[in-house]
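Notes follow the structure.
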Amino acid sequence: YSLLDKISKVSRACTGMMIEIHGHTDSQGRNAVNKALSKQRALAVKQYLVKTGVARYFVKVVGHGEEKPISTNKTAKGRARNRRIEFNVKQVAK
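Spelled out as structure tokens, the structure:
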């Protein structure tokens, strides 16, 4: 939560920025379930940020499921790395 608190603080200070929260999973299970799980993971982060004062309309969630691995899904360590959240920050068009 300390990282999310820092993101919240910076976000509230930087108006005009959109935060995209990208959820990811490993390849265990069905693709449709992983897609939903990754979106739920990203939504949980959004809900926390909104609770700490970030405007909900400046936060977008995306669930990728198992589509964008950063490591192998053949090992427990690799699968753990693939279960993650990533943030992208973009300036809102005026």
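In our numbering, the protein residues as written are 1053 to 1146.
Where is the CB? At the ideal position from N, CA and C, for every residue including glycine.
How would you write the range of the beta strand (DSSP E) that residue i sits in, first residue to last?
i, result
"Q1143", "I1137 to Q1143"
"K1129", "No beta strand (DSSP E) contains K1129, which is instead part of the alpha helix (DSSP H) from A1128 to N1134."
"K1120", "Careful: K1120 lies outside any beta strand (DSSP E) and carries neither H nor E."
For residue i, which residues from the same chain have a beta carbon less than 7 Å from its beta carbon, with the 5 sequence-adjacent residues on both sides left out?
i, result
"K1091", "G1075, V1113 and G1115"
"V1104", "Note on identity: in this sequence residue 1104 is Thr, with Val being the wrong assignment. Excluding sequence neighbours, T1104 sits near D1057 and S1060."
Can you give me the start and stop residues for the alpha helix (DSSP H) that residue i sits inside?
i, result
"V1097", "N1083 to K1103"
"A1065", "S1054 to A1065"
Less than 8 Å between C-beta atoms, sequence neighbours within five positions excluded: which residues of the same chain meet that for residue i?
i, result
"I1137", "I1073, H1074, G1075, H1076, R1093, A1094 and V1097"
For the putative contact between residue i and residue j, defined by C-beta atoms under 8 Å, what is the C-beta separation to the nearest angstrom?
i, j, result
"N1083", "G1117", "6 Å"
Taking the alpha carbon of residue i as the reference point, which residue from the options has its own alpha carbon closest?
i, options, result
"R1108", "R1064, K1058 and Y1053", "R1064"
"D1057", "V1085, K1126 and V1106", "V1106"
"Q1099", "I1071, N1086 and A1145", "I1071"
"Y1053", "L1101, A1132 and V1111", "L1101"
CB-CB under 6 Å to residue i, same chain, minus the five flanking residues each way: which ones, in chain order?
i, result
"R1135", "T1077 and D1078"
"V1141", "M1069 and I1071"
Which one or two residues does DSSP pair with residue i in a beta bridge?
i, result
"G1075", "G1115 and I1137"
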